[in-house]
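K.L.:
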Amino acid sequence: MGVSVVLETNRNDLMRRGGVGTVGWPGAYGGWWQADPNDGSVLIFLAHNMVDLPQMSKGIGLGVWAAIEAFQTLAASSQS
Amino acid sequence: MTETNTPLTTEPLQKFVDSWELAGAATLVYRNGAAQTVCVGWRDIEGNLLVERDTIFRIASMTKPITSVAALMLVDEGRIALSDPIARYAPEFSRMRVLRSPDGPLEETEPAERLLTFEDLLTHRAGLTYGDFHRGPIAQAYRDALGGDIDSHVAPDDWIARLAQLPLIGQPGAMMSYGSATDLLGFLIARIEGEPLGAVLKRRIFDPLGMKDTGFLVPRDQRHRRSAAYGFDDQERLIRRTTLSGGVLEERPEGMAYESGGAGLWSTVDDYLRFARVFLGDGSVDGARLLLPATLARMMTNHSPISSAPMPDGSGTSPSRSVEVSAWVSRWCWRRIGTT
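Read top to bottom, the protein sequences are chains A and B.
Numbering-wise (the working numbering), the first sequence opens with residue 1 and increments by one.
Numbering-wise (the working numbering), the second sequence opens with residue 81 and increments by one.
#1: Taking CB distances under 7 Å as the criterion, tell me whether A:Ser41 reaches chain B.
#2: Less than 8 Å between the CB atoms is what I'm expecting for A:Ala67 and B:Phe96, so what's the real figure, rounded?
#3: When you compare the CB of B:Asp156 with every CB in chain A, is at least one pair closer than 7 Å?
#4: What are the residues of the stretch 192 to 216 of chain B that lie near chain A, defined by any Cβ-Cβ distance shorter than 8 Å?
#5: Is it the case that the Cβ atoms of A:Gln34 and A:Gly18 are separated by a distance below 7 Å?
#6: Checking contacts by CB at 7 Å: is A:Val3 closer than that to chain B?
#7: Are the CB atoms of B:Ala261 and B:His204 nearer to each other than 7 Å?
#8: How big is the Cα-Cα spacing for B:Gln315 and B:Val365?
#9: Quick check on DSSP: helix, strand or coil for B:Ile136?
#10: Per the DSSP calculation, B:Ile319 is bridged to which residue(s)?
#11: Kindly indicate which residue of B:Asp351, B:Glu339, B:Phe312 has the alpha-carbon position closest to the one of A:Lys58.
#12: Verify whether the separation of the beta carbon atoms of B:Thr209 and B:Gly259 is less than 7 Å.
#13: Looking at chain B, is there any beta carbon in it that lies within less than 7 Å of the beta carbon of A:Ser78?
#14: Any beta-carbon of chain A closer than 7 Å to the one on B:Thr107?
#15: Is the CB of B:Met379 under 7 Å away from at least one CB in chain A?
#16: Among B:Ala377, B:Ala254, B:Pro165, whose alpha-carbon lies nearest the alpha-carbon of B:Leu268?
#17: Tell me which residues share the same chain as B:Gly227 and place their Cβ nearer than 6 Å to its Cβ, disregarding the 5 neighbours each side in the sequence.
#18: By the three-class DSSP mapping on this structure, what secondary structure does A:Asp36 have?
#19: Where does the unbroken alpha helix (DSSP H) through B:Arg242 begin, and where does it stop?
#20: Using CA coordinates, which residue listed in A:Pro26, A:Thr9, A:Asn38, A:Gly61 is at the minimum distance from A:Gly2?
#21: CA-CA distance, B:Pro333 and B:Glu339?
#22: I want to see whether chain A comes within less than 7 Å of B:Asn85, judged by CB atoms only; does it?
#23: Please confirm if the stretch 357 to 373 of chain B is in contact with the stretch 145 to 159 of chain B, defined as three or more CB-CB distances below 8 Å between the two stretches.
#24: Whole angstroms is fine: what's the gap from A:Tyr29's alpha carbon to A:Asn49's?
#25: What does A:Gly31 touch in chain B if you count any residue whose Cβ is under 8 Å from its own?
#26: Using a Cβ-Cβ cut-off of 7 Å, state whether B:Ser260 counts as contacting chain A.
#27: Please report whether the beta-carbon of A:Pro20 lies at a distance below 7 Å from any beta-carbon of chain B.
#28: Where does B:Asp98 land, buried or exposed, given buried means 16+ other C-beta within 10 angstroms?
#29: Could you work out which residues of chain A lie near B:Val349, taking near to mean beta carbons separated by less than 7 Å?
#30: Cα-Cα, which of A:Glu69, A:Gly40, A:Met56 is closest to B:Leu353?
#31: Indicate the three-state DSSP secondary structure (helix, strand or coil) for B:Ser395 in the structure shown.
#32: How would you list, in chain order, the residues of chain C whose beta-carbon sits under 7 Å from the beta-carbon of B:Leu353?
#33: Assuming B:Ala225 is part of the alpha helix (DSSP H), what are its boundary residues?
#34: From which residue to which residue does the alpha helix (DSSP H) around A:Ala70 run?
#35: Report yes or no: do the stretch 107 to 119 of chain B and the stretch 296 to 310 of chain B share at least 3 C-beta pairs separated by less than 8 Å?
#36: With a threshold of 8 Å, are at least 3 pairs of Cβ atoms found where one atom belongs to the stretch 117 to 136 of chain B and the other to the stretch 1 to 16 of chain A?
Structure representation (structure tokens):
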């Protein structure tokens, strides 16, 4: 309720890369977060990427979502 | 914990700024009890001001989990029950109509089979939506009735009444539809508490957790820390945007009564970390308890069928074992990214 919950990890899905039980939510301006109780980690990405749906349907302004993916990869590299 | 975290590099994010795909971003990784941040790009390109750790952003739908926690705090206190009809607090919702087809004529409706509940709002199964997701007449009806999604000239009581006048796009509980449900939830919280939502969130969540830079309006003396609003023109050139879909982005008018519990908050990475840490423990952070452990566990449990989450445009309902509430949010974003 109020958050999404990962039921099955899926490396191919931006919103499902955390362990089972990871919660999170995206924001329309290119915001995203997740909290993974399995390892006590939190990832947060904030940006101002103001794009409307007609622009998105033309493929405009999608770079921020690729940046969020790059951030997830970067964050994974911080695990010692 | 004694583990140390490997330092993060900026390069993987900087390249999106260098290619003008992104004005700037503030990011935070919290692991082993320690936070690292990586900030790239500008919060104000024209003024040559960089994104810094304390830059304040509009967090849009990342507002929703905060409003949802506030509602569940009322549940913990026995003030409301998830199964309560919201009409108990908003009699405007006593007699709802439902569109026969989400994009069909506004006159073609049938009566709602039951009253909406708080649980319907919290799981996005209330038949409420965002106008922008539709091609039919419901799109303009939402826009005309409610104004902008993030800032609106419509005051809370009028907004509740106007939303209640619009037909639902599905029967209560029947399907997932992402939209105004959390805004309505926020205004119901404000009604029950007898004070504006911003004041409720400050008292219940921001002050106890120490989220000093989170709110619906950035104080005047902190405005230099805000990120300006950036988007793209139709040639995909990065530009400053003052409005989007008719809504105000940068300079929310002071004195605006409307407070969007669905999308209206400004915050920082460090403030949002404080909120996110609620989900790592038992419902409290550093001794400040927001939720009872059982309520947090309930919040973090799937409440949606693991199939049939429609895309906003009504297409693509393939079964998914992904994410509750938002199987479609995930696929929607995924479609925006394309495949790797």
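Where is the CB? At the ideal position from N, CA and C, for every residue including glycine.
This structure is a prediction, so every number in the text was calculated from the model and none was measured.
P.N.:
In brief:
#1: yes
#2: 4 Å
#3: no
#4: Glu199, Leu202, Thr203, Asp212, Phe213
#5: yes
#6: yes
#7: Yes. Within cutoff.
#8: Straight through space, the alpha carbons of B:Val365 and B:Gln315 are spaced by roughly 46 Å.
#9: Strand at B:Ile136.
#10: DSSP output for B:Ile319 lists B:Gly311 as bridge partner(s).
#11: B:Phe312
#12: Here B:Thr209 is near B:Gly259, since their CB atoms are less than 7 Å apart.
#13: yes
#14: Against chain A, the CB of B:Thr107 has a partner CB under 7 Å away; the residue lies at that interface.
#15: yes
#16: B:Pro165
#17: His233, Val234
#18: strand
#19: 236 to 245
#20: A:Pro26
#21: 12 Å
#22: yes
#23: yes
#24: 5 Å
#25: Result: Phe137, Ile139, Ala140, Ser141, Met142.
#26: Closer than 7 Å: no.
#27: For clarity, residue 20 of chain A is Val in the given sequence; the question names Pro instead. False, the Cβ-Cβ gap to chain B never drops below 7 Å.
#28: It is exposed - the Cβ of B:Asp98 has fewer than 16 other Cβ atoms within 10 Å.
#29: Ile44, Leu46
#30: Answer by Cα proximity: A:Gly40.
#31: Confidence is the limiting factor: at B:Ser395 the pLDDT is only 32, short of 50, which leaves the residue's position unreliable, though a coordinate-based value still follows. B:Ser395: coil per DSSP, three-state reduction.
#32: Any reference to chain C falls outside this structure, whose protein chains are A and B.
#33: 218 to 226 is the extent of the alpha helix (DSSP H) around B:Ala225.
#34: 63 to 76
#35: no
#36: They do not touch, by the three-pair rule.
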